[in-house]
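Colleague: Numbering (UniProt numbering), first residue to last: 1 to 731.
Every residue gets a Cβ at the ideal spot worked out from N, C-alpha and C, and that includes glycine.
Before I ask anything, let me first share the structure, which is written out below as structure tokens.
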């Protein structure tokens, strides 16, 4: 029998970039990658064993662990390697990375295993469905009809909208019996490949793309760039069919929950295999079961948002990242990883193909395609009968406006409504209006904790800061001159909705933004009713731009994009170009011709003209050349230090001391300290310092050195600071 080591190294869910040594006193062997419960100060934490050692730690007495929770490693070797690589690449605490990759219940120390599942079965006493006993009990009749086809789990009975009362009554009569079973944890394939519908016929471009994907043997990264409506999803489905037929699993990443539901529906229509979903609306038990189903090969396809990239698989054969350009794939706090980039690394470690799909690829992705590091597959034509959309500019200079709408646009809206079509109006501002302004002196209600104006929410009669979440009632008079003549300044989605209801009272208006979709299920319900033409005018923010299918929308209008044309963020033109192209894709998706209208005070702007006349790809290739000329990512590699404090001088001094640690090396440059685009937020001053290097390897070496030096700076104990590798957001 192998003697257990005397000591183990444990990664704990803390922001500290180090592991902790504990004494191992248990009789059973210590397992690398297993969870342990350990004392830490006055509390106990769940950590992961990263190393075993026989020698005593020098200089201190190690505490004994409380318990080892697993007999085997939590993750397979490839996922362990991926998580270790991620902690290294993003220079983040290994323990925090591990915690991010575990379902909440496992972070809390719960055992890895299924909870018992309750099934219902018919007994020999069950009546026939046409018997007199069931004539006055339609729900019991429905239950028996369903159970005649086979037993059902409690979840399936609930999904059939049969209440607990009905089931209990059937059990009391001896017709139905409940049985509890606990699924086994094994990696045997628990499903067989089957199609629910035949694949669609593909056009020549789709056929070429599919042929290229199917010829891949081992790892390759494919950029599937397709204009909106070009049939990217059909390419995904037919490529996935090959993988499932070979008995392997597939992971599909989508940027947000709304697209998760849409994608699940489409995949379940095509494949008669178990499909699991992972997103933030699941409760802890649902998330653990989905995680276990993937790990034990009970799921053939897993569809999920950003964190699903860390899901364990028994036999993963392909990864698809839909809308790969979307900023939602980048975690903006804590462990600041990019799910797309980790997905590419995971596919490389597993030696499997990965498909990155987008109508508007990120410039980093496009650069890799141009340089032949990725297979570049292009779909330039809309699939089926969908026609190309028309584009139109409305120059707002000198035009009277009503709730952000010009008269030419209102005329077009009315014309489409008269044809029984749908209209989508896009405004990236929630609330009733961006600000509350005094008509006498021009005072604007400003958040005292941020460099930002309050947003007026008319329905609640409150001012709300969307940056720090502070709220206050609408004041009765101006705080500067005392006037009671306070007006809304600018337009938000609520005000636009109110105006449209007044202007077009016979037409239903639906607003879809974060405020109208807070409760569970609201977003799905809104999207479903919109796609079924139950509403005529759709008003929305950015969440409406992403991949949703509204077959009756023929007119899409972007009401206010001028702010993005002159932003200080070098990525703002890319984001606007992606937004314009994605929103344009909501128009004319079926047999009806679509039109996209852009309202702007700057119709002559180069970006606007380039997008309208040449399309996204031309813009993107031009932007790449400009970034190369100005030494911006992806041609240079950035790390961003964010720092904040209630004391402005202190946060600037802290960053200056951090910058002073930078070694003098060719290809390495520091920029800052500079104020964040919003300098003050939630009462704290926010500054940044940028590290720029010529290669990722150089950035890794320099940041590792800097982190070791910064440990000696006592001023850092008095501020909040963080390190962001490959930053995407500078606000």
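Pull up the CB-CB distance for residue 152 and residue 114, whole angstroms please, since I reckon it's below 8 angstroms.
Modeller: With a Cβ gap of about 17 angstroms, residue 152 and residue 114 do not count as contacting.
Colleague: Rank 273, 648 and 663 by C-alpha distance to the C-alpha of residue 195 and give the top, closest one.
Modeller: Considering only alpha carbons, the answer is 273.
Colleague: Just to check my reading of the structure: residue 424 and residue 586 have Cβ atoms closer than 8 angstroms, yes? What is that Cβ distance to the nearest angstrom?
Modeller: With a Cβ gap of about 5 angstroms, residue 424 and residue 586 count as contacting.
Colleague: If you follow the beta strand (DSSP E) that residue 119 is in, where does it begin and where does it stop?
Modeller: 117-122 is the span of the beta strand (DSSP E), which, as asked, contains residue 119.
Colleague: What did DSSP end up calling residue 171 once you bin it into helix, strand or coil?
Modeller: The answer is helix: DSSP assigns residue 171 an H, G or I state.
Colleague: Report the residue from 332, 561, 344 and 675 whose alpha carbon sits nearest the alpha carbon of residue 320.
Modeller: Of the candidates 332, 561, 344 and 675, the one whose C-alpha sits nearest the C-alpha of residue 320 is 344.
Colleague: What runs of the beta strand (DSSP E), each 3 residues or longer, lie entirely inside the segment 171-244?
Modeller: Taking only runs of at least 3 residues, the beta strand (DSSP E) segments lying wholly in the segment 171-244 are 176-181 and 220-226.
Colleague: Our contact map puts residue 723 next to residue 641 with C-beta atoms below 8 angstroms; I'd like the distance itself, whole angstroms only.
Modeller: With a Cβ gap of about 6 angstroms, residue 723 and residue 641 count as contacting.
Colleague: Keeping to the same chain, check which residues put their C-beta closer than 8 angstroms to that of residue 285; ignore five residues upstream and five downstream.
Modeller: 105 and 115, listed in sequence order.
Colleague: Taking just the CA atoms, how far does residue 569 sit from residue 632?
Modeller: The straight-line gap from Cα to Cα measures roughly 12 angstroms.
Colleague: Taking all protein chains shown into account, do 16 or more other C-beta atoms lie within 10 angstroms of the C-beta of residue 231, making it buried, or fewer, making it exposed?
Modeller: Its Cβ being crowded by 16 or more others within 10 Å, residue 231 is buried.
Colleague: Of all the options 244, 269 and 377, which has the alpha carbon lying nearest to the alpha carbon of residue 315?
Modeller: That would be 244, whose Cα lies nearest to the Cα of residue 315.
Colleague: Please classify residue 296 as buried or exposed, where buried requires at least 16 neighbouring CB atoms within 10 angstroms.
Modeller: Burial call: buried.
Colleague: Between residue 59 and residue 710, what straight-line distance do the alpha-carbon atoms span, to the nearest angstrom?
Modeller: For residue 59 and residue 710, the distance between alpha carbons rounds to 24 angstroms.
Colleague: Could you check whether residue 256 and residue 199 sit closer than 9 angstroms to each other, using their CB atoms as the reference points?
Modeller: Result no, Cβ atoms of residue 199 and residue 256 do not sit closer than 9 angstroms.
Colleague: Whole angstroms are fine: how far does the CA of residue 49 sit from the CA of residue 72?
Modeller: Taking the straight line from one Cα to the other gives about 11 angstroms.
Colleague: Would residue 337 and residue 92 qualify as a contact pair, given that the criterion is a beta-carbon distance under 9 angstroms?
Modeller: Going by C-beta atoms, residue 337 is nearer than 9 angstroms to residue 92.
Colleague: Classify residue 98 as helix, strand or coil using the three-state DSSP reduction.
Modeller: Looking at residue 98 - three-state DSSP - the assignment turns out to be helix.
Colleague: According to DSSP, is residue 395 part of a helix, a strand, or is it coil?
Modeller: Residue state, collapsed to three classes: strand.
Colleague: Measuring alpha carbon to alpha carbon, tell me which residue in 290, 160 and 356 is nearest residue 253.
Modeller: The option with the nearest alpha carbon to residue 253 is 356.
Colleague: Locate the beta strand (DSSP E) running through residue 10, then write down its first and last residues.
Modeller: Segment 7-11, the beta strand (DSSP E) holding residue 10.
Colleague: Could you tell me which of 270, 227, 20 and 645 sits nearest to residue 61, measuring between CA atoms?
Modeller: Of the candidates 270, 227, 20 and 645, the one whose C-alpha sits nearest the C-alpha of residue 61 is 20.
Colleague: Answer yes or no: do residue 193 and residue 271 have a C-beta to C-beta separation smaller than 9 angstroms?
Modeller: Yes. Within cutoff.
Colleague: Between residue 462 and residue 287, what straight-line distance do the alpha-carbon atoms span, to the nearest angstrom?
Modeller: Spanning the two alpha carbons is a distance of roughly 36 angstroms.
Colleague: What residue range is occupied by the uninterrupted alpha helix (DSSP H) comprising residue 84?
Modeller: 77-89 is the extent of the alpha helix (DSSP H) around residue 84.
Colleague: Could you tell me the distance, in whole angstroms, from the CA atom of residue 572 to the CA atom of residue 564?
Modeller: Cα to Cα, the separation comes out at about 6 angstroms.
Colleague: Let me know the secondary structure DSSP gives residue 710 once reduced to three states.
Modeller: Residue 710: helix per DSSP, three-state reduction.
Colleague: On the DSSP bridge assignment, give the partners of residue 680 in chain order.
Modeller: 685, per the DSSP bridge assignment.
Colleague: Between residue 650 and residue 668, is the Cβ-Cβ spacing less than 9 angstroms?
Modeller: Contact flag unset, no.
Colleague: How should residue 683 be labelled, buried or exposed, when 16 other C-beta atoms within 10 angstroms of its C-beta is the threshold for buried?
Modeller: By the 10 Å Cβ count, residue 683 comes out exposed.
Colleague: Using C-beta distances below 7 angstroms, list every residue in its chain close to residue 716, excluding the 5 sequence neighbours before and after it, in chain order.
Modeller: So the qualifying residues of the chain are 654 and 710.
Colleague: Tell me residue 354's beta-bridge partners as DSSP assigns them.
Modeller: Residue 354 is bridged to 221 and 319.
Colleague: Okay, do the segment 402-420 and the segment 604-618 touch, 3+ Cβ pairs below 8 angstroms being the bar?
Modeller: The segment 402-420 vs the segment 604-618: no contact.
Colleague: Tell whether a beta-carbon distance below 9 angstroms holds between residue 261 and residue 527.
Modeller: Yes, the Cβ-Cβ distance between residue 261 and residue 527 is below 9 angstroms.
Colleague: Helix, strand or coil for residue 426? Go by DSSP, reduced to three states.
Modeller: In this structure, residue 426 counts as strand in the three-state DSSP scheme.
Colleague: Residue range of the beta strand (DSSP E) that residue 721 falls in?
Modeller: 720-725 is the span of the beta strand (DSSP E), which, as asked, contains residue 721.
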